[in-house]
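Encoded as C-alpha cells, the structure appears first; notes follow it.
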Amino acid sequence: DLASFQSSGWNISSRVLGTSPGRPYFTNFIPTNVNIANGSLLLTCSAYNAITSSVPSAQIKTSRADILYGSFRAQFEVRSASTGSGAVSAFFFYADDYSEVDIEVLT
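Counting in my numbering, the sequence shown runs from 162 upward without gaps.
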C-alpha cells in the first residue's frame, strides 16, 4: 500500500513545473496519480489539459543516501501515438546534474 511505500523512504511529488524553452506548458505532479495495484507501482500521465495549460503527471523521489548501486527494473506501458503524442515515459536516477542515467520513451 502507499503508506508502507512512503514509510520506506519514497516520497510522492506534489508540485508544478513551470514552462521553459522547449516546454511551453506546465507539468503538474499530482499525488493521486500514484497508486499501487497487484504489487505494482502505477504512475499515470494524462493528456494535456487546455483549461489549466498543464499535463497531469506523477513522480516519486527518494532522498535516501544509501542507494549507491544496484539492479533496477521497470516495466513501462506506453500508449500508442494514435492516442496522443509528446509524452515522455521515463525511468531515471541521479545524484547531481553530472551523474545521471536516463531511460526515456517519447511518443
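The beta-carbon is built from N, C-alpha and C at its ideal position, and this holds for glycine as well. Values in this document were obtained by computation on a predicted structure and should not be read as measured data.
Legend entry - Through-space distance from D227 to L267, alpha-carbon basis: L267 and D227: Cα-Cα distance of roughly 31 Å.
Inset, instruction - Kindly confirm or deny that the segment 198-205 and the segment 176-186 touch, where touching means at least three C-beta pairs closer than 8 Å. - result: With a cut-off of 8 Å, the segment 176-186 and the segment 198-205 do not count as touching, because too few Cβ pairs lie within range.
Inset, instruction - Rounded to whole angstroms, what's the CA-CA distance from I221 to I173? Just pull it up for me. - result: Taking C-alpha positions only, I221 is separated from I173 by approximately 5 Å.
Legend entry - Contact set for S218: own chain, Cβ-Cβ below 6 Å, skip 5 residues either direction: Answer for S218: T188, F190, C206, listed in chain order.
Legend entry - Cβ shell of R225 (< 6 Å), same chain only, five flanking positions each side left out: Contacts found: G170.
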